[in-house]
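For the sequence shown, this note's numbering begins at 773 and goes up steadily by one.
The beta-carbon is built from N, C-alpha and C at its ideal position, and this holds for glycine as well.
These notes are about the structure you will find just below.
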Amino acid sequence: MKGFQLYTSNKRIEEVKQGSSILSLLGRGDGTEVLMQQIFANKLFYIYPSDRKETMEFFYIISGQVYCEALKKELKENDYFYVQELAEPVLLKTMIDTKLLWISTEPIYHYISENIQKLIKVVKEVEQKDRYTFNHSERVQEYAMKMGIKLKLSKERLDNLFIASVLHDIGKIHIPEEILNKPGKLTDEEFALIKKHPTDGAEMVKDTYYKDIAPIIEQHHERLNGTGYPLGLKDEDILLEAKIIAVSDTYDAMTEDRAYRKAFSTQHAVDEICQLIGTHYDHRVVDAFIEVLKEEGKI
Ligand SMILES: [Fe+2]
Ligand SMILES: [Fe+2]
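Dropping the structure here:
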């Protein structure tokens, strides 16, 4: 049934075992995540303050017993607690095997998701193969997020952008190193291989719970006038998230050294991008980007 998600107790979106606990993702949407944490007896665990003060984390004890050191209080089945604007980490201890339902208004699962961590490792390998792209993904992510916030994307879309931007070039893992680092002009066959990386990347993420990001990754080289690749999509068919990554990606590529040229200045890169507003890049995205750079005193 469309919009209706049903999972039985033996099936979870993803489950990660970490030493003394098992953490399963039960659901996610609009930036909120619902998790189940099973912690074995006599284990310490912390709740850390969030970077964002609006974030609320709610915990409901389904079974077990938890001792809160700071309040000298014992909590049992059906008790609950939650944190918001937490000033310092809270230390808790399980007295017996405990099961907690955990709801967070900020996505956190990707930090512990083995699937996502594996993909991020692949991105690091890509960056190692291409010696000019060290930390490229993280810089692209940083500017993409700053633009996304300026463009007032919803929490869920920002969360998807966060993962999509860092993984955007993951499909390059299939491109031979000699081609990635080739200083001269690429042959048609070589360029054809390069053009496959957005589709390959989309393929690599589509089985994770972040499958919504597959089309974003696939479209990050599309251009408004249809001259991009791999699909040659036009403006209205390109996702805003992909348009954001396109600007952030281009900017980063221009302001870093390449095999065939030296880095351009920030102003030069911005001027070039502005020249291509409406043909390659979305004006709203470029406006947001310029605003960010101005705020940072870069232009
Ligand atoms: Fe790319
Ligand atoms: Fe890139």
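My output table needs one value for I887: the three-state DSSP class, helix, strand or coil. Per the sequence shown, the amino acid found at residue 887 is Asn instead of Ile. DSSP places N887 in helix when its eight states are reduced to three.
Beta carbon shell of ligand 2 at less than 5 Å from a heavy atom: D941, D1021
8 Å CB neighbourhood of Q790 in its chain, flanking five on each side removed: I884
Check for me: the beta strand (DSSP E) holding M808 runs from which residue to which? 804-811
Cα-Cα separation between K898 and H908, rounded to whole angstroms: According to the sequence provided, residue 898 is Val. The question's Lys does not apply to it. V898 and H908: Cα-Cα distance of roughly 10 Å.
Hey, out of I935, D902, A986, R929, whose CA is closest to N953's CA? D902
Is it the case that the CB of V992 approaches a heavy atom of ligand 1 more closely than 7 Å? Reading the sequence as shown, one finds His at residue 992 and not Val. Yes, Cβ of H992 sits closer than 7 Å to a heavy atom of ligand 1.
Using the C-alpha atoms, what's the distance from I834 back to A813? 15 Å
Spatial distance of K978 from A936 (CA atoms): 11 Å
Between Y969 and ligand 1, is there a pair consisting of the residue's CB and a ligand heavy atom that are separated by less than 7 Å? Here the sequence assigns His to residue 969, which means Tyr is not the residue at that position. Yes, the beta carbon of H969 sits closer than 7 Å to at least one heavy atom of ligand 1.
Please determine, among H882, I868, I794, the residue with the shortest C-alpha to C-alpha distance to E805. H882
Among L965, V1019, R929, which has the Cα closest to the Cα of V912? V1019
Return helix, strand or coil for M773, following the three-state DSSP convention. coil
Would you list the residues sitting across from G799 in a DSSP beta bridge? V806
I875 lies in the beta strand (DSSP E); which residues open and close that run? 862-876
What is the C-beta distance between I1053 and K1015, in whole angstroms, given that I count them as a contact (C-beta under 8 Å)? The residue asked about is misnamed: residue 1053 is Tyr in this sequence, not Ile. With a Cβ gap of about 7 Å, Y1053 and K1015 count as contacting.
Report the CB separation of M1106 from T877 in whole angstroms; it is logged as a contact under 8 Å. Past the boundaries of the shown model lies residue 1106; the chain is included only from 773 to 1071, so the question cannot be answered.
For E1067, collect the residues of the same chain with a Cβ closer than 6 Å to its Cβ; drop the 5 residues on either side in sequence, then sort them by chain order. none
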